[in-house]
Amino acid sequence: MRKLVGAGAILMAGFLAALLHLRVKTEKLRTQRALCQCLLELRRELLERRRGLGEIFALLKEKSDTEALRSFCAVLCAGMDKLGDLAFSEIWNAAADGLVDAAGEESADALRPLAVVLGGSELDRQCAALETAARRIEEARLVQRERLKEEGRLTFGLSLSAGALLVIMLM
Amino acid sequence: MDPFAAALDLMPRKYEASLKAYAAASPEELRLRVGRPPSLLYGGREHFLPCEKVEEGDLARVLERATGASLYSAAEALRQGYFCLGALRFGICGRVTAGGGGGGFSSYSSLCIRMGREHRGICTDIADRLCLRSFENTLILAPPGGGKTTALRDLIRSLADRERRVGVIDERGEISGGAYDLGRCSDVIVGLDKLAGALLLLRSMDPQIIAADEISAPNDLLAAEEIFGCGVGILASAHAADREDLMKRSAYRRLLEKSVFSRLLVIRQKGGMRSYTLEEAI
Chain A
5 MRKLVGAGAI LMAGFLAALL HLRVKTEKLR TQRALCQCLL ELRRELLERR
55 RGLGEIFALL KEKSDTEALR SFCAVLCAGM DKLGDLAFSE IWNAAADGLV
105 DAAGEESADA LRPLAVVLGG SELDRQCAAL ETAARRIEEA RLVQRERLKE
155 EGRLTFGLSL SAGALLVIML M
Chain B
38 MDPFAAALDL MPRKYEASLK AYAAASPEEL RLRVGRPPSL LYGGREHFLP
88 CEKVEEGDLA RVLERATGAS LYSAAEALRQ GYFCLGALRF GICGRVTAGG
138 GGGGFSSYSS LCIRMGREHR GICTDIADRL CLRSFENTLI LAPPGGGKTT
188 ALRDLIRSLA DRERRVGVID ERGEISGGAY DLGRCSDVIV GLDKLAGALL
238 LLRSMDPQII AADEISAPND LLAAEEIFGC GVGILASAHA ADREDLMKRS
288 AYRRLLEKSV FSRLLVIRQK GGMRSYTLEE AI
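One line per chain: the protein sequences are A and B, in this order. My numbering puts the first residue of the first sequence at 5, with every later residue one more than the last. My numbering puts the first residue of the second sequence at 38, with every later residue one more than the last.
As structure tokens, this is what we get:
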């Protein structure tokens, strides 16, 4: 009986570890989706209202529904107070670097070219660059979502098989 | 904040000490040109500062700080030549992007920051003379940088403090500059072109005089005719050294022939000092 409970506990632990692993990956997908929406919202604000970037970042920070994105916008808002001492490109890149853990290196890579475009006098160029960045992040997200589905099946399969093997060995 | 201090606040730190030493000279303009040291315009001429040369990154940094990294918000004004922030007026030169129409720059080569000042009382006597009977429509003449806006601002204030309702069309926020006193009876519309601004003021504010800076575009001249046709006084400024200079341009000649303006206020500069002469337009 004790062996059975032990085997069950091991099986459950394997299952939970797989779930946790998938949850982290799913959170990354969620952040990427929110980041895409954030970039498109920034584009819309530029096109329709032509507000200042500082104001837009503050607005996006309020609207953000993921912690990582809120923190990204907060870094940008804080950086805008240091304009002059810091170039906008430095502020933007610092915020993009801070997103690597939460949204992945590919998202940060898509954001970095915006550092030299945003805030300039050419609105069309900024809007096009924002669209490109959002598209790159969305493409990366879709690829990762497919990979995650595969990974999910494999992880659950493996954890269940390992657990079952352990049960057999313990019995 | 003093306009010079405001301009200084935007400058790269490497120029701070050198520029501060010139605060007492009350410079009118600060110029940054790539590959040259910064310069200040005062006493009627440009003085180059003994400090390191300006790099393109310096210009971009100044513009970033001035606009909060949002130069696109000033692109429309830039298309007309310059943009204003408070008492500072920014003019830019550089490589204009294809199809940018002057509003989009891919690189910068020169930046001119004009520091608007309030010289209260310089036109009080002129205002007295203009108001002896009913207000006489007046066009202020001076070459670029000759003090037209400063004179216009003081005239508006003097007239509005004499209980004349003055509607001010401040297309790019330069006349009001955020904080200038334009008198008790002034109503200011900012951000509209002169024709639209004139129509709005005529409809909504019942002005006795309408004032506008730098009338030059065909629509500006149309606005002047529109105001004249409504029996409302006009106070405006134009780029020209004197009456002869003005008459060389057909659009202005037509305005004078139609008696839209009956007086010219000519500003002349000699040795850093300005003189103001009120002349008959015709």
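Using N, Cα and C, we set each Cβ at its ideal position, and we do this for glycine too.
Mind checking who residue i pairs with in its DSSP beta bridge?
i: F172 of chain B; result: DSSP output for F172 of chain B lists no bridge partner at all.
i: M152 of chain B; result: B:L125
i: Q306 of chain B; result: B:R311
i: F85 of chain B; result: B:S76
i: R9 of chain B; result: Outside the displayed range of chain B (38 to 319) lies residue 9 of chain B, so it cannot be described from this structure.
i: C130 of chain B; result: B:S147
i: H7 of chain B; result: Since the first and last residues shown for chain B are 38 and 319, residue 7 of chain B lies out of range.
i: G270 of chain B; result: B:I246
i: I204 of chain B; result: Looking at the sequence provided, one finds Gly at residue 204 of chain B rather than Ile. For G204 of chain B, which the question treats as bridged, DSSP gives the partners B:D224, B:I247.
i: L301 of chain B; result: B:L176, B:E316
i: L90 of chain A; result: A:L87
i: F142 of chain B; result: B:V133
i: F120 of chain B; result: B:F127
i: V91 of chain B; result: B:V71
Just confirm the distance between the C-beta atoms of residue i and residue j, as a whole number of angstroms; I'd bet it's less than 8 Å.
i: Y145 of chain B; j: L96 of chain B; result: 4 Å
i: G58 of chain A; j: C40 of chain A; result: Not really, about 22 Å apart at Cβ, beyond 8 Å.
i: A261 of chain B; j: L237 of chain B; result: About 15 Å separates the two Cβ atoms, so there is no contact after all.
i: L125 of chain B; j: V99 of chain B; result: The pair is not a contact, with the Cβ atoms about 11 Å apart (cut-off 8 Å).
i: L283 of chain B; j: L178 of chain B; result: 6 Å
i: M152 of chain B; j: P64 of chain B; result: 7 Å
i: A235 of chain B; j: I193 of chain B; result: Not really, about 15 Å apart at Cβ, beyond 8 Å.
i: A133 of chain A; j: V121 of chain A; result: 4 Å
i: S165 of chain A; j: F19 of chain A; result: So it is not a contact: roughly 12 Å between Cβ atoms.
i: R47 of chain A; j: E110 of chain A; result: The pair is not a contact, with the Cβ atoms about 20 Å apart (cut-off 8 Å).
i: L197 of chain A; j: A17 of chain A; result: This structure does not reach residue 197 of chain A, given that chain A is present from 5 up to 175, and the question cannot be answered.
i: L64 of chain A; j: E45 of chain A; result: 6 Å
i: L33 of chain A; j: L152 of chain A; result: 7 Å
i: L43 of chain A; j: A138 of chain A; result: 4 Å
i: C130 of chain B; j: S147 of chain B; result: 4 Å
Do you know whose CA, among the options, lies nearest residue i's CA?
i: M310 of chain B; options: B:G184, B:A260, B:R221; result: B:G184
i: L196 of chain B; options: B:L167, B:G81, B:G210, B:L315; result: B:L167
i: A62 of chain B; options: B:R170, B:G81, B:Q245; result: B:G81
i: F61 of chain A; options: B:C88, B:A106, B:F85, B:Q306; result: B:A106
i: A99 of chain A; options: A:C77, A:A91, A:E66, A:P117; result: A:C77
i: S110 of chain B; options: A:N97, A:R149, A:G124; result: A:G124
i: A38 of chain A; options: A:T136, A:E71, A:R54; result: A:E71
i: R154 of chain B; options: B:G182, B:A248, B:R132, B:T134; result: B:G182
i: H156 of chain B; options: B:V133, B:F127, B:L189; result: B:L189
i: D128 of chain A; options: A:L24, A:L51, A:A11, A:C42; result: A:L51
i: E89 of chain B; options: B:G123, B:A54, B:S241, B:A216; result: B:A54
i: V227 of chain B; options: B:R221, B:S213, B:L239; result: B:S213
i: V269 of chain B; options: B:A216, B:G210, B:G204, B:A278; result: B:G204
i: D243 of chain B; options: B:I264, B:L45, B:L148; result: B:I264
i: R202 of chain B; options: B:A233, B:E208, B:A248; result: B:A248
i: I150 of chain B; options: B:L67, B:Y313, B:L56, B:A103; result: B:L67
i: K51 of chain B; options: B:L108, B:V91, B:G72; result: B:V91
i: L146 of chain A; options: A:V9, A:A11, A:C131, A:T30; result: A:T30
i: H25 of chain A; options: A:A168, A:I172, A:L158, A:A119; result: A:L158
i: R55 of chain A; options: B:S76, B:E93, B:G94, B:T104; result: B:T104
i: V28 of chain A; options: A:G156, A:L115, A:E143; result: A:G156
What does the Cβ neighbour count give for residue i, buried or exposed, with the cut at 16 atoms within 10 Å?
i: D165 of chain B; result: exposed
i: G83 of chain A; result: buried
i: D37 of chain B; result: No information on residue 37 of chain B is available, as it lies outside the stretch 38 to 319 that chain B covers here.
i: F85 of chain B; result: exposed
i: T175 of chain B; result: buried
i: S171 of chain B; result: exposed
i: S274 of chain B; result: buried
i: G118 of chain B; result: exposed
i: M38 of chain B; result: exposed
i: I271 of chain B; result: buried
i: G266 of chain B; result: exposed
i: A42 of chain B; result: exposed
i: V4 of chain A; result: Not covered by the structure: residue 4 of chain A. The range shown for chain A is 5 to 175.
i: D89 of chain A; result: exposed
i: T314 of chain B; result: exposed
i: S241 of chain B; result: exposed
i: A58 of chain B; result: exposed
At a threshold of 7 Å, does residue i count as lining the ligand NAD (C-beta to nearest heavy atom)?
i: L174 of chain A; result: Ligands are entirely absent from the displayed structure, and the ligand NAD is therefore not among its contents.
Taking any Cβ of chain B, which residues in the segment 56 to 77 of chain A have a Cβ under 7 Å from it, in chain order? G56, L57, G58
Just by C-beta distance, which residues in the segment 96 to 118 of chain B are closer than 7 Å to chain A? R98, E101, R102, G105, A106, S107, L108, Y109, S110, A112, L115
Within 7 Å of chain B by C-beta, residues of the segment 87 to 107 of chain A in sequence order: For chain B, the residues of the segment 87 to 107 of chain A that bring a beta carbon within less than 7 Å of one of its beta carbons are L87, G88, A91, F92, in chain order.
Anything in the segment 31 to 51 of chain A with a Cβ closer than 8 Å to a Cβ of chain B? List those residues in chain order, please. L50
Positions along the segment 110 to 131 of chain A whose CB lies within less than 9 Å of some CB in chain B: Listed in sequence order: L122, G123, G124, S125, E126, L127, D128, R129, Q130.
Relative to chain A, which residues along the segment 200 to 230 of chain B have a C-beta separation below 9 Å, given in chain order? none
Please list the residues of the segment 266 to 294 of chain B that have a C-beta atom closer than 8 Å to any C-beta atom in chain A, keeping them in chain order. none
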